[in-house]
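**Student:** Following this message is one structure expressed as structure tokens.
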């Protein structure tokens, strides 16, 4: 699986409610993708959005960031999202 496909799957799975499962499966099965800095950036952003999704108050904000990130993936842009792009859980 290439990095762009994995990024799209992460964002789409998170938007439909299967984010934690997608993070686990892709994170464990395709460890070689973590060599790509852009993939790691998007993985962290999806992880942060999924944590925000658990908090009822920030759920709408998480959805906005997930859609924004998905648009950036389709455009081939690996730059970080504002506010959450600088947070790195996976280094």
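Residue numbers (the working numbering): -9 to 81. No residue lacks a Cβ here, since even glycine has one placed at the ideal position from N, Cα and C. Keep in mind it's a predicted model, so treat the numbers as computed, not measured.
So residue 54 packs on residue 0, CB below 8 Å; how close in whole Å?
**Tutor:** Their Cβ separation, rounded to whole angstroms, is 16 Å, which puts residue 54 and residue 0 out of contact at 8 Å.
**Student:** Tell me which residues share the same chain as residue 20 and place their Cβ nearer than 8 Å to its Cβ, disregarding the 5 neighbours each side in the sequence.
**Tutor:** So the qualifying residues of the chain are -9 and -4.
**Student:** Using a Cβ-Cβ cut-off of 7 Å (strictly less than) and excluding sequence neighbours within five positions of residue 30, which residues of its own chain qualify?
**Tutor:** Only 24 and 80 meet the Cβ criterion.
**Student:** Please check the pair residue 34 and residue 9, which I expect to be a contact at CB under 8 Å, by giving their CB distance rounded to whole angstroms.
**Tutor:** About 13 Å separates the two Cβ atoms, so there is no contact after all.
**Student:** Can you round the beta-carbon distance between residue 13 and residue 56 to whole angstroms, since I take them to be within the 8 Å contact cut?
**Tutor:** 12 Å between Cβ atoms; not a contact.
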